[in-house]
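**Student:** Below: one structure in structure tokens.
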Amino acid sequence: MPKYLIGLCAAVGFTATVTLGTAFGQQDAAQKPAQGQTPPNQTQNAQTPPTQNPPGGNAAQEAKVADPEELVDDQGVPLYAVRDGKVDQGTYNGYRRYASSCHVCHGPDGLGSSFAPALADSLKRMDYWQFTDVVTNGRKNMGATGDKVMPTFGSDPNVMLNLADIYRYLKARSDDKIGRGRPERFKSAS
Amino acid sequence: MNPFVRCLLVTAAIQAATTTVAFANDDILKNQKDPANWALQLGNYAGQRYSTLDQITRDNVKNLRPIWQFSTGVLRGHEGGPIVVGDTMYISTPFPNTVYALDLNDNGRIKWKYEPRQDSSVIPVMCCDTVTRGVAVAGNKLFLGQADNTLVALDTETGKVLWSAKNGDASKGETLTAAPLVVKDKVYVGISGGEFGVRGHLTAYDINTGKMAWRAYSTGPDKDVMIDPQKTMMLGKPIGEPDLGIKTWPADQWKIGGGTTWGWYTYDPELNLIYYGTGNPGTWNPAQRAVDKDRAKSDNKWSMTIFARDADTGQAKWVFQKTPFDEWDYDGVNENILADVTVGGTKRKALINFDRNGFAYTIDRTNGELLVAQKYDPSVNWASEIDMKTGRPKVNDKYSTFAQGEDHNTTGVCPAALGSKDQQPASYSPESGLLYVPTNHICMDYEPFKVEYSAGQPYVGATLSMYPAPDSHGGMGNFIAWDPSAGKIVWSKPERFAVWSGALSTKGGVGFYGTLEGYLKAFDLKDGKDLYNFKTSSGIIGNVNTYMHKGKQYIAVLSGVGGWAGIGLAAGLTGEQEGLGAVGAHKALGEYTQLGGTLTVFALPDNQ
């Protein structure tokens, strides 16, 4: 890779971090009570109900629209869409990015490994803003012997520029709306 | 001081130094000659993991029993194994890399303990758990490669640090997991971080001072790789063309091109050559490593290469690239076992390598000539065969993630990225002439896509889903016996999970390995038949060793599931397995075992 491109990517990653970090801080302060009091289902509650349910499917967490750019709720929380077992482009991208950057520790399909927690499970308790915080800034000294560490991905463009999609994918896994393995994409509504 | 006396003293000092140099080498040779010791991680310089001890036999092994255990206090994956020299056993743990010297005269009482203080920020840049593959002992020094890239020399009597050297930078994704190797006055150590865009190298340090003697990179200009294109051999003749370590990469990609060196190193004292393999090129997306979108121009040298180097100078004597232009993460670091075998009616000084790519290579270790290359798992499909003239695999485009293209999910590739075998070392019995090999039996879907490099961050660029080899026995591993002359499987026994433990063979006609569920298994070298098993406290990814103390033979192994195998602990493999019949019954490894580092020592009852 040419050096200038690396530089550019790093710069983009950095900008994204700052923006996200700032947005996170402000939104967190504005919309939420102190951490720990957050109801576990707040993110889900904020989601828009679907306009139509696929036959036989429980689409409570589905978003209204298929265009990835609009798949956020009014609080800015990314939403995913599942139709007939197929997912929107963003969620699909999240699957790929998860596989590239997160899988090696957090295991296949968000199910955890011997040294990192199952994120499909974590997202039942953790909201988007906490998720963003941990991914961006990392964590240290977790686990029974303090040897579990979450790195800081704040400077990684592969993660930070795809953070909303990674969340979409994991949230859909967490809500049990998609199964294991590679999700299929549905064609965009447009 | 009178000049004459000074001169005498200086001469004496030089002689003393020279004597020490010779001594270190002699010491390991002496230690490995005495079967009471387990002197090196791979048993001996040749990497054979074979013992001439024969108290435990195929007939009495059924009476084996665990006689003492020792908790390492660390939960993560325990690779490598115990070293035994004289009355002392040395073991090391995953991060924080505690080393224990255990007194065999006193049921393993701790003689000393060394626990380095390391910044925990190194933990998440260790791609596949915080493993170490063990320590090396030479003379009165013990060498440990710490996760944070510190190579330390400890006093074997006290555990006191004699010197330390910095071998890499964790902020760039570099870490240290390999077991060092000592030859004469040098200790060699490699580097990990192939999934972080590091530039691999093997580095030699002076065992007395810790001063760097030489560093040979895996990519870049010949000067850095320590290649002389007029002298260094490839397929029986000089390489000829200079700087292939640059030309076979697009632009500056070689600078973040991987070729890490975290596997095992072996040594031939007669030829004075050390042997090791370099790992996969970065990223896992081959399109980003292609010159002019042309596979033929894009060998990505010298990733995936077996190097034979002069042990003193580091100069490359010969090279052999197994998987030019990797498209599957067939990380070529596996051990090179040295054995003299008969090929085509002629006795050859050979080297045998079970590569991740699923082919077993028998190579003339004097010059790198390719003698045999055959699949050691029948499911291997990414290449039909190895061209014996060029040494190149004939790649099947259907399973080429480059031919199928970026953003395309190439399915049914065998083996998976774990390889038909990973780092778990095989064993060679000079008696039977066969190798006993722990293998994986797993295939994958692989979709490469574009990623950006960011220092110290994962540089992968592919999705991977893995599942047991289809249309087979449904298990994820095999344990096989291999004929290196004919290039044929002699016998093969299926295992439920990948076999991630190093094997041992002995003169008693019995061999040993561990399983991911935690079983230590003894098998008959003749046919692989199970002769004994014992379920230890956790899954075994360590290597089984044997030694003798006060006239009695023991078997020792570290349990403690983890490593790459630990990634699937909770989950098992991907859901594609539902269609595979028997496999559906194979639930996640987490249903069989949990974490915890323990040493277990086995012996026969005293009356036998």
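These protein sequence lines map, in sequence, to chains A and B. In the working numbering, each residue's number is its place in the first sequence (first place is 1) plus 35. In the working numbering, each residue's number is its place in the second sequence (first place is 1) plus 386. We treat Cβ as the ideally placed atom computed from N, Cα and C, and that holds for glycine. Quick caveat, the model's predicted, so the values are computed rather than measured.
What separation, rounded to the nearest whole angstrom, lies between the Cα atoms of D156(A) and W877(B)?
**Tutor:** So the two alpha carbons sit approximately 43 Å from each other.
**Student:** From this set, Q427(B), T443(B), R601(B), which residue's C-alpha is nearest E465(B)'s C-alpha?
**Tutor:** Taking only the C-alpha atoms, the option nearest E465(B) is Q427(B).
**Student:** For the stretch 813-845 of chain B, which residues have a beta carbon sitting closer than 9 Å to at least one beta carbon of chain A?
**Tutor:** Those would be D831, E833, F835, V837, E838, Y839, S840, A841, G842, Q843, P844, Y845, in chain order.
**Student:** Under 9 Å, CB to CB, which of the residues in the stretch 491-514 of chain B have a partner in chain A?
**Tutor:** Answer in chain order: S506, S507, V508, I509, P510, V511, C513, C514.
**Student:** Name the residue from G472(B), L450(B), Q441(B) whose alpha carbon lies nearest to the alpha carbon of I414(B).
**Tutor:** When only C-alpha atoms are compared, the closest one is G472(B).
**Student:** Any contact of the stretch 864-878 of chain B with the stretch 601-614 of chain B, i.e. 3+ C-beta pairs under 8 Å?
**Tutor:** With a cut-off of 8 Å, the stretch 601-614 of chain B and the stretch 864-878 of chain B do not count as touching, because too few Cβ pairs lie within range.
**Student:** Reducing DSSP to helix, strand and coil, say where D109(A) ends up.
**Tutor:** Three-state DSSP puts D109(A) in coil, outside helix and strand.
**Student:** Use the C-beta contact count for K915(B): other C-beta atoms within 10 angstroms, 16 or more gives buried, fewer gives exposed.
**Tutor:** Classification for K915(B): exposed.
**Student:** Return helix, strand or coil for V719(B), following the three-state DSSP convention.
**Tutor:** Reduced to three states, the DSSP call for V719(B) is coil.
**Student:** Tell me the DSSP secondary structure of P192(A) in three-state form.
**Tutor:** Note: P192(A) maps to helix in three-state DSSP.
**Student:** Taking all protein chains shown into account, decide if H794(B) is buried (16 or more other Cβ within 10 angstroms of its Cβ) or exposed.
**Tutor:** Looking at its Cβ environment, which holds fewer than 16 other Cβ atoms inside 10 Å, H794(B) is exposed.
**Student:** Compute the Euclidean distance between the alpha carbons of C513(B) and F188(A), then round it to the nearest angstrom.
**Tutor:** So the two alpha carbons sit approximately 15 Å from each other.
**Student:** For I496(B), collect the residues of the same chain with a Cβ closer than 8 Å to its Cβ; drop the 5 residues on either side in sequence, then sort them by chain order.
**Tutor:** Same-chain partners within the cutoff: Y486, A487, L488, D489.
**Student:** By a C-beta neighbour count over all protein chains shown, 10 Å radius and 16 as the cutoff for buried, is N671(B) buried or exposed?
**Tutor:** Classification of N671(B): buried, given that the 10 Å Cβ count is 16 or more.
**Student:** When you compare each of K558(B), G731(B), L537(B), W704(B) to M598(B) by their alpha carbons, which one comes out closest?
**Tutor:** Closest by alpha carbon: L537(B).
**Student:** Starting from the C-beta of K175(A), find all residues in its chain whose C-beta is less than 7 Å away, skip the five residues before and the five after it, and write them out in chain order.
**Tutor:** These residues qualify, in order along the chain: V184.
**Student:** Hey, does F166(A) have any beta-carbon neighbour from chain B nearer than 8 Å?
**Tutor:** Answer no: the Cβ-Cβ gap between F166(A) and chain B never drops below 8 Å.
**Student:** Which residues of the stretch 774-807 of chain B have a Cβ closer than 9 Å to any Cβ of chain A? Give them in chain order.
**Tutor:** Cβ contacts with chain A come from D793, N795.
**Student:** Going by DSSP, which residues form a beta bridge with I875(B)?
**Tutor:** Paired residues: W868(B).
**Student:** Following the continuous beta strand (DSSP E) through K633(B), name the residue where it begins and the one where it ends.
**Tutor:** That residue, K633(B), is in no beta strand (DSSP E); its alpha helix (DSSP H) goes 630-633.
**Student:** Using 8 Å as the threshold, is the C-beta distance between T979(B) and G904(B) below it?
**Tutor:** Closer than 8 Å, so yes.
**Student:** Give the secondary structure of N993(B) by DSSP, where H, G and I count as helix, E and B as strand, and everything else as coil.
**Tutor:** In this structure, N993(B) counts as coil in the three-state DSSP scheme.
**Student:** Does DSSP put A746(B) in a helix, in a strand, or in coil?
**Tutor:** Residue state, collapsed to three classes: strand.
**Student:** With C-beta atoms as the reference, is L530(B) less than 8 Å away from V517(B)?
**Tutor:** Result no, Cβ atoms of L530(B) and V517(B) do not sit closer than 8 Å.
**Student:** Kindly list, in the order they appear in chain A, the residues whose Cβ is closer than 8 Å to that of A848(B).
**Tutor:** Within 8 Å Cβ-Cβ: A134, S135.
**Student:** Classify G125(A) as helix, strand or coil using the three-state DSSP reduction.
**Tutor:** Reduced to three states, the DSSP call for G125(A) is helix.
**Student:** For chain A, is any of its Cβ atoms less than 8 Å away from the one on I723(B)?
**Tutor:** No - not a single Cβ of chain A is within 8 Å of the one on I723(B).
**Student:** Should K175(A) be flagged as near chain B, meaning a C-beta pair shorter than 8 Å?
**Tutor:** Interface residue, yes.
**Student:** Give the DSSP bridge partners of P1006(B), in chain order.
**Tutor:** This structure gives no information on residue 1006(B), because the portion of chain B shown stretches from 387 to 994.
**Student:** What distance in whole Å lies between the Cβ atoms of T474(B) and K893(B), which are believed to be in contact at a cut-off of 8 Å?
**Tutor:** Not really, about 24 Å apart at Cβ, beyond 8 Å.
**Student:** Going by the DSSP bridge assignment, what does K641(B) pair with across the sheet?
**Tutor:** For K641(B), which the question treats as bridged, DSSP gives no partner whatsoever.
**Student:** Using 8 Å as the cut-off, can you tell me whether the stretch 672-684 of chain B makes contact with the stretch 539-550 of chain B, which would need three or more C-beta pairs spanning the two stretches below that distance?
**Tutor:** Contact fails: fewer than three Cβ-Cβ distances are below 8 Å.
**Student:** Check the Cβ-Cβ distances between S851(B) and every residue of chain A, and say whether any is below 8 Å.
**Tutor:** It does: the Cβ of S851(B) has a partner Cβ on chain A nearer than 8 Å.
**Student:** Let's test the definition: count the other Cβ atoms within 10 Å of the Cβ of K784(B) and tell me whether it reaches 16, buried, or not, exposed.
**Tutor:** The residue is exposed, with fewer than 16 neighbouring Cβ atoms inside 10 Å.
**Student:** Of all the options M934(B), D869(B), Q810(B), which has the alpha carbon lying nearest to the alpha carbon of G463(B)?
**Tutor:** The candidate whose alpha carbon is nearest that of G463(B) is Q810(B).
**Student:** Spell out whether any CB of chain A is found under 8 Å from the CB atom of E581(B).
**Tutor:** Yes, its Cβ sits closer than 8 Å to a Cβ of chain A.
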